[in-house]
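A.B. asks: Residues 10 to 155, numbered by my numbering, are exactly what the sequence shown covers, in order.
Next up is a structure, given as structure tokens.
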Amino acid sequence: MENQHKYEVDVEWTDERKGIISSPDLYQKIEIATPPDFPNGEPNIWSPEHLFVAAINSCVMNTFFAIADNSELNYENFKCNAIGIVEKIDEMYMVTEIKLKLILTITNAEDADKALRVIKMSEKNCLISNSVKTTIVIEPEIVIAS
10 MENQHKYEVD VEWTDERKGI ISSPDLYQKI EIATPPDFPN GEPNIWSPEH LFVAAINSCV
70 MNTFFAIADN SELNYENFKC NAIGIVEKID EMYMVTEIKL KLILTITNAE DADKALRVIK
130 MSEKNCLISN SVKTTIVIEP EIVIAS
């Protein structure tokens, strides 16, 4: 794996408080808007705040997949709900915390400790989490498939 990767994203204003994000590397475009929590925000459209939380959540997932594969951890399902908290601190809004409620289903109860170690390593090694000052909290739940 190379030591440097580049990801190019374009933003183009469409109207009011909305725009489109795209990448020359990707087919799909995503409509974005100011969230309704802010003046003139738009409901039901992805916002930078949603995308930020999604970036952390999906990076933890992808990091988990890589570490689980290397650790030979067998799992049946991975599901994670993420909630980002935005607070005003010193007159500036910022995402202060992202809480991840991760539910991992495994088939063998003897793998529960190993699964928790893999989740902890995923939290530590997620490149997006390591790139931000937001506090990331993972609350794992291990479920044994019946």
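Note that CB positions come from ideal geometry on N, CA and C, so glycine has one too.
Between the region 42-49 and the region 60-75, do three or more beta carbon pairs fall short of 8 Å?
C.D. replies: Not touching, per the Cβ criterion.
A.B. asks: Of the residues T43, L136 and V95, which one's Cα is nearest the Cα of N53?
C.D. replies: Looking at the Cα atoms, T43 is the closest of the given residues.
A.B. asks: Less than 9 Å between the C-beta atoms of K110 and E148, yes or no?
C.D. replies: Going by C-beta atoms, K110 is nearer than 9 Å to E148.
A.B. asks: Where A63 and K108 are concerned, what is the direct C-alpha to C-alpha distance, given to the nearest angstrom?
C.D. replies: Spanning the two alpha carbons is a distance of roughly 12 Å.
A.B. asks: Kindly give me the distance between the Cβ atoms of I145 and I115, rounded to whole angstroms, as I take these residues to be in contact under 8 Å.
C.D. replies: At roughly 23 Å, the Cβ-Cβ gap does not stay under 8 Å, so I145 and I115 are not in contact.
A.B. asks: Give every residue of the same chain whose Cβ lies closer than 8 Å to the Cβ of I41, excluding the five residues on either side of it in the sequence, and list them in chain order.
C.D. replies: Taken in chain order, the residues that qualify are V20, K27, G28, I29, I30, I54, W55, S56, P57 and L60.
A.B. asks: Kindly identify the DSSP beta-bridge partner or partners of D24.
C.D. replies: Partner(s): K27.
A.B. asks: Closest to Q13 by CA distance: which of Y84, L136, L113 and V141 is it?
C.D. replies: Selected option, being the one with the closest Cα: L136.
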